[in-house]
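Shown next, in structure tokens, is the structure this report addresses.
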Amino acid sequence: MAGILPCKGCQQNFCQVHMNEHRQELETHFQRVLSDRDLLYQQIYSETSPTHAQALDFISQWERETIEKIKTISDQARRQVQDLLGEKRLRLKEKYDQLSAELRQKKNDSHFFEQDIDRLSKTLEEVKLDCEHKHMPTTVTVEARIIDFDNVFYITNGNQNQLFIGGTLLDNKQHQFTLNEFYGKRDQQWELIYKATRDGFAASTFHHKCDGKGPTMVVIQSETDGYLFGGYTTTPWSSQEGDRADLSAFIFTLTNPNQLQITKFDIKHTESKTAVYHHKHCGPIFGQPNSFTTSSFDSHVLF
């Protein structure tokens with residue numbers, strides 16, 4: 001039929017008028033796709049974002065503060081060198097002034113004898129000798145600690161490289177990096193296998209979730225003030241009562257009421273045979289049963 005036109009896309013037939021309307025609708029839909037494409041282009045090819053800008057600003061701020069600190073320390077070192085080089089001249093002046101004062105006093109009082117003249121002459125010769133040596137170069141040794149600039153920054157993709165997956169206690173990234181440094185591998189990833197506030201505080205639940213799971217990092221938060229501490233062991237937890245040896249075990253404090261810095265406490269070699277203690281009625285115990293333990297699972301301990 002001459003007045004009917006088929007659409008190869010939707011397989012429908014239209015008259016000339018409706019075909020024009022149909023094409024207009026298609027143009028509108030296609031234009032919407034182009035607009036969405038343009039918005040996507042801006043997102044993909046935009047060089048900076050709020051997150052990127054924040055990261056770059058952090059680096060720039062560190063650069064400015066570090067340069068200023070280096071300048072300050074260098075100025076202090078220069079003054080120390082200058083003071084050290086000036087000590088010889090200062091001592092010489094003091095010795096000369098003392099000799100001159102004594103000579104004036106002796107002359108004013110007319111109170112001097114042969115012994116005084118001999119002693120003062122000897123002192124004068126010493127000052128002369130020191131004066132001659134004053135122009136000799138003084139050796140000053142300056143040493144500086146090596147700064148490991150190659151490892152100043154630790155840059156990761158926060159979305160793809162989460163270190164402690166599933167946990168909520170270590171929201172401080174520096175705490176995460178520090179624990180991995182204690183462990184010996186900065187990019188080590190950990191997966192949460194037990195959380196008392198989620199799974200329950202019963203020791204049986206702890207063992208059900210953790211027994212036989214290999215090396216574990218235990219992080220504990222006190223309920224009262226939220227202090228963070230814990231321990232690490234390579235020995236898998238079990239319900240069989242007894243001591244377990246572990247030369248790699250350690251305990252740590254991240255935050256504490258005594259304002260102590262973040263600290264790692266390695267197991268003593270002589271105590272390594274009793275590094276951890278297992279018991280079916282207890283949670284993770286580090287050391288002897290009465291030392292470094294969290295044996296009572298109650299509301300005062302949060303994992």
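FYI, UniProt numbering numbers position 71 of the sequence shown as 71, with every residue one higher than the one before it.
Ideal Cβ placement from N, Cα and C applies to all residues, glycine included.
Could you give the DSSP three-state label for residue i: helix, strand or coil?
{"i": "D225", "result": "coil"}
{"i": "P284", "result": "coil"}
{"i": "L5", "result": "strand"}
{"i": "H18", "result": "helix"}
{"i": "V140", "result": "coil"}
{"i": "Q11", "result": "coil"}
{"i": "T233", "result": "strand"}
{"i": "E191", "result": "strand"}
{"i": "T216", "result": "strand"}
{"i": "R145", "result": "coil"}
Which same chain residues, not among the five before or five after residue i, have their C-beta less than 6 Å away from its C-beta?
{"i": "I73", "result": "none"}
{"i": "Y232", "result": "M217, F250"}
{"i": "T270", "result": "none"}
{"i": "D130", "result": "L92"}
Quick one: what's got a C-beta closer than 8 Å to residue i's C-beta in the same chain, skipping five residues either side?
{"i": "P257", "result": "D225, Y227"}
{"i": "S239", "result": "H207, D211, H278, H279, K280"}
{"i": "V142", "result": "A77, V81"}
Would you say residue i and residue j are within 9 Å of each other, going by their C-beta atoms?
{"i": "A245", "j": "A203", "result": "no"}
{"i": "K273", "j": "W237", "result": "no"}
{"i": "W190", "j": "L169", "result": "no"}
{"i": "G16", "j": "L5", "result": "What sits at residue 16 in the sequence shown is Gln, not Gly. Cβ distance < 9 Å, so Q16 and L5 count as in contact."}
{"i": "G230", "j": "L254", "result": "yes"}
{"i": "F153", "j": "I59", "result": "yes"}
What span of residues does the beta strand (DSSP E) with residue i cover, start to end?
{"i": "D266", "result": "263-266"}
{"i": "T253", "result": "250-253"}
Sort the options by Cα distance to residue i and report the nearest one.
{"i": "S100", "options": "Q76, R78, H111, V127", "result": "V127"}
{"i": "T263", "options": "H52, T178, D38", "result": "T178"}
{"i": "C210", "options": "T234, Q221, S222", "result": "T234"}
{"i": "R198", "options": "K107, G166, H175", "result": "G166"}
{"i": "G287", "options": "T253, D243, T255, L260", "result": "D243"}
{"i": "P215", "options": "Q221, E223, L192, S222", "result": "L192"}
Can you tell me where the alpha helix (DSSP H) holding residue i begins and where it ends?
{"i": "I178", "result": "Before going further, note that residue 178 is Thr rather than Ile in the sequence given. Looking at the DSSP string, the run of the alpha helix (DSSP H) that includes T178 is 173-183."}
Return the chain-ordered list of same chain residues with a C-beta closer than 7 Å to the C-beta of residue i, the five sequence neighbours on each side being excluded.
{"i": "L103", "result": "L120"}
{"i": "K8", "result": "none"}
{"i": "V140", "result": "V81, L84, L85"}
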